[in-house]
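Single-structure report; data block below.
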Amino acid sequence: MDKLTRPSNYSVGSVATKPVLGAGARPTTIPLSYAQQGIWLLERIAGGQGTAFNQVTAWRIRGPVNIGALEKAVNAIVGRHEVLRTTFVARDGIPRQVISPEASIQLGLADIRGNAAPESQWSLVQAALREECETPFDLEHGPMIRARLLRLEEGDSVFVKTVHHIASDAWSQGLFNKELTVLYDATGAGRLGPLYPAPLQYADFALWQRASLESGMQSGLDYWRRELAGSQTRLELSTDRPHSSRCGHSAGEYRTTITSEQLSALGELGRQCRSTLFMTLLTAFGILLSRYSGLDDLLVGTPVANRDDSRLHTLLGCFVNTIPLRLRVKPREKVRDMIAAVRRTVVDAMTYRWVPFECVVDDLVPRRDLGRPPLVQVIFVTHSVPWSQLALPFTQSSYISCGAARIYHDIEIHVWEHHNAPLVIWRFNRDLFDVSRIERMARDYSLLLDELVVGLDRAIGELQLRDVPAAGPRSSHMTSHCMLIPQSSTLPSVLETVVTARPDATAAMQHQAGGLTYGSLNDRANQLAHYLISKGIGAEQAVGLAMPTSFDLLIAMTAILKAGAAYLPLDPDHPTARLSFMIADAAPTAILTTRDVVPRLGTTSTPLILLDDPDVVDLVARMTQVAPNDHDRVATLMPSHTAYIIYTSGSTGRPKGVVVSHASALTFIQGISSTVSHEKQYRQLAHTTISFDISFLELMVPLCMGATVIMVLRSDRNAPDRLWQIVHEAAVTTVQATPTLWKALIASRDAQLDGMRVLSGGETLPMSTATVLCEAAEAWNLYGPTEATVWAAAHRLSEPELSNHLGRGVPIGRALEGYDVFVLSDSLVGALFDVPGELYIAGIGVARGYLNRPGLTAERFVPNPFGQGDRMYRTGDRGRVRTDGVLEYLGRVDNQIKVRGGRVELGEIEECLLAMPDIAEAAAVVKDDRQDAASVTAYVVPKQDRVVSPSVVRRYLRTILPEYMVPASIVTVSALPRTTNNKVDRLMLSDMQLGESVEERSPKTALELILCQLYSEVLGIDNVSAGDDFFALGGNSLVATRLLSRIRAECNVDLPVATIFESPAVFELAERVMSDVEQDDDTGDT
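The numbers in this note's numbering rise by one with no breaks, and the one at position 911 of the sequence shown is 958.
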């Protein structure tokens, strides 16, 4: 297989005089090479029990083996290469090499010739290989090599060698085999010294590397900073089990091949594009990762031998260096152009391959996630030569694949030369991936290679893989009580049909108000509708609805629709400033309200129709009770006309009005009724304020189905015990609530779910809540933004399904009838099964757009590439389609979230904060509280010499924002954390515990004071506070070991390196130290 294209002007930095590589005088203490240092740190983080760096090789040898000669040959190699008899110790937290003058190992012997059955022998061999893979090395005491011989039969044995990666790499494996063959032959024949003395030792290289890079490192780091600026340092591949700091690293392996036909075609492609096979294969792999992650900018690591000096070719040791290759996948770019871009990336990166990967990591991402490798989580490498054969005299050897027990990266792809069909080995973390997922990736990779060779001039986004899901196929079933609504219908026409069929049925009930029949509702709504028509109110005009929950509210809403106008919900409980904005923006023709609500509306020139004014009551009562028709109305009412306008949170700092047509509203009613079955005695609890879109399901859906609405007073909305009382007294069959409210309802002593239908939506449904709901009730998880009318997808929950998908979110199901939900990439390419993308909603149920916001409407309501003349709404939500076609919600793409069922744009909160005179900077993030409920935390930076009081900020926000949008916590900080691109690091803010911020905080205990002093010493900075974060102050992994060494000396407590990553703030670390001290005391007492 061809080698990487590499430039000839390889040099370390730009220094005038470089140290000479040679076996010169050595200092008293010898540092580790950068590669060794990185491995040593990872072993320390693993607590000395890591096995991810065990390199196990095994050979089956057929023929006579001279055991004594084999052991002497192995020890001759140990004597020849210092690195195999080197140990690694920490002095003041700094790792050093300690080279033993001489050392020998004993060849372990296992005679299993007594096991007659071959399968029994082979199981013992496999057990021995697993033991080698899973037995950690002691880096402080050594040696760095183990060897054993398993005797199967006379003339049949297995030789197993295990070397720690800190002393070896892939090149070293082949070199070891060559030297072992020569030395075994010479020892058996009684000859001595067949190999020339090694001109150098690994320690010489380590010293030279350190000296060479001391003055030249900056230029290399400057390159990598430029190259990786703004890159995605986390490759978010879909996994079968979630990443976590406690995630294991069990290794799995899957093998496939590149066929000879593919190899030939790829070779021709390479000639056309002037690219090596590595570059072509890497291009295809980048496209594959993009499809499986939804990212168009990603990093892939590739190891390079790093032995440019020929004198290093005969040394054992860890010389390999990983270089991060940045791959940009542009769906509209041609294949040949991407190959050219990858070629440039590889060539440029190879120029700076001498910069140690460990230094790049410490410079760019010093804060490590214990559950993920830093910077690159996926490795791709082609091996130019096959394994060097073990060729002992008078024997025949065959390599035994034994893999590894542990793997450091998420996925590693190794492409090996294997006759004329290269072998592709997919090594993967079994604690993250099932082999079935890796099989799909391997199959898709092979398909991509075929696509590449026939489509050089095709766009990347046009390359086909497996069948892309229809992204949440429509529900294929219809319930027995679904509605069949003609396309020409409007809400008034559907309501008239219900009234004709059930005039005496109860349409609504309310505590202390009795019941309201459909006939009465219809008569009173008709009268009010005629009154509105007499005022010139009709189609495409908005009428404000500012009233408390009551029958009058329901009648007024119905009347507005019957008049042909659109209702505009104006919740009297919202701040006056917000209501004033909505009135000014929507410019309603009139506002239906009551006397007690008027002061809440602020100053407005809009005509107010007071429904409790005796004169208005008298005029309305004189109107006919006959339903108005198009002849009566100001204009003909069409399905395309607006039914209502509802305002949601706006990312620009001001709310936006969503315009919903009659056709969209009826499509939703059709869809929800055809998915969620409703019995004839359907009774819906209506407790949601009309300012939320989900109130439409509670009010209009039951009315259009001839059911009963159970209306809840404002004072009872947030009282779980009172809600349950209403549910039981009114024989409610269906309750819709947000997950936050459901948790409160479940916790109530009066909770009774048996036989009910429960609907949950508006927020992410926690698994614990979902499990409780579906134990006793018919439970549904619903999904949909206001721009899709209400809900666009639904899923019936079941205990077996939830238990089988632990670690994943509660599904949101399939699209409702009349909707399509697509999962697409940024370039509108359909995502693969199980691959995240942005959710787009299409169908008649999609709203018309935003009121008075043509630019925003064009941005969010885009042409549907999968339907002629259709539009789809870009939700800003992330999701994926499971292999069974069920949708999962994965969170927000932008800063928009839902809290207690209300949609919140974090940008709107930030804009309000920045309007305060004492605040210089502000950032709002979402956090999960101890009950898994989403809440907003705002971080604010005061202006110089100003003091910001959280209570004052909260009081101010309550005057301009709804209560659910007021942050639960407001934290004053001295500065906002920034990324390398100088953007606010929202990820760091989201991960910060309250009180852990970068704000100044004086030490409160003697231990905190000691730790502040130690932070100051090891980091070389002054004025460390108890709230300061080790990594935010410039710390990295190696400095962390020095800090722990100082803590050990000062506090007499030995903390693992992982502690710093888990508790980087001074006060957190103090708590960990105290916890360890107390545990030691308890242990001592027993």
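Where is the CB? At the ideal position from N, CA and C, for every residue including glycine.
Taking a contact as a CB-CB distance under 8 Å, the pair SER1084 and LEU417 does not count as one, their CB atoms being some 11 Å apart.
When C-alpha distances from GLU283 are compared across LEU247, HIS212, ARG257, ASP457, the shortest belongs to ASP457. The distance from the Cβ of THR442 to that of VAL112 is about 7 Å, consistent with a contact at the 8 Å cut-off.
Bounds of the alpha helix (DSSP H) holding SER627 are 623 to 633. The region 365 to 422 is shown to contain whole beta strand (DSSP E) runs of 3 or more residues at 368 to 375, in chain order. When the five nearest sequence neighbours on each side are left out, the beta carbons in the same chain lying within less than 6 Å of the beta carbon of ALA637 are those of VAL590, PRO654, ILE656, in order along the chain. Under the three-state reduction of DSSP, TRP473 is assigned to strand. PRO661 and LEU617 have their C-alpha atoms some 23 Å from each other. Along the region 802 to 872, the alpha helix (DSSP H) occurs as fully enclosed runs of 4 or more residues at 814 to 823, 846 to 851, listed in sequence order.
The Cβ atoms of THR818 and PRO786 do not sit closer than 8 Å to each other.
Looking at the backbone, the Cα of GLY1074 and that of ALA784 are separated by about 39 Å.
Taking a C-beta distance under 8 Å as the contact criterion, ALA150 and PRO190 qualify as a contact pair. Secondary structure of GLU283 (DSSP, three-state): coil. SER322 is positioned such that its CB atom lies no closer than 8 Å to that of ARG391. Boundaries of the beta strand (DSSP E) harbouring TYR936: 934 to 939, taken from the DSSP string. Boundaries of the alpha helix (DSSP H) harbouring GLU955: 953 to 961, taken from the DSSP string. Between the C-alpha atoms of ALA824 and ASP801 there is a straight-line separation of about 5 Å. Taking C-beta atoms under 8 Å as the contact rule, ILE757 and GLN731 qualify, at a distance of about 7 Å.
Following the DSSP letters along the chain, one finds VAL207 inside the beta strand (DSSP E) bounded by residues 203 to 211. Nearest C-alpha to LEU117 among ILE213, THR228, LEU575, THR98: THR228. In the DSSP secondary-structure assignment, PRO910 is bridged to ARG918. When secondary structure is reduced to three states using DSSP, ILE152 falls in the coil class, being assigned neither helix nor strand. Contact between the region 570 to 580 and the region 607 to 625 is present: three or more C-beta pairs spanning the two stretches fall below 8 Å. For GLU166, no beta strand (DSSP E) segment is defined; the enclosing uninterrupted segment is the alpha helix (DSSP H) at 165 to 181. THR564 is bridged by DSSP to THR553.
Beta-bridge pairing by DSSP links VAL782 to VAL805. Beta-carbon to beta-carbon, ALA586 and HIS709 are separated by about 10 Å, too far to satisfy the 8 Å threshold. Out of LEU658, ARG647, ILE630, the CA that lies nearest to the CA of MET604 is found in LEU658. Contact check for VAL545 against GLY865 fails: the beta carbons are separated by 8 Å or more.
The way I'd put it, the region 300 to 309 doesn't touch the region 361 to 368; fewer than three beta-carbon pairs between them come closer than 8 Å. Judged by DSSP in its simplified three-state form, ASN101 adopts strand.
For GLU543, the uninterrupted alpha helix (DSSP H) run begins and ends at 538 to 548, by DSSP.
Contact holds between the region 113 to 133 and the region 233 to 241, because three or more Cβ pairs, one in each stretch, are under 8 Å apart. For GLN319, the enclosing alpha helix (DSSP H) starts and ends at 307 to 320. If you check the CB distance, THR1088 and VAL1113 do not come in under 8 Å. THR286 counts as buried, since at least 16 other C-beta atoms from the protein chains shown sit within 10 angstroms of its C-beta.
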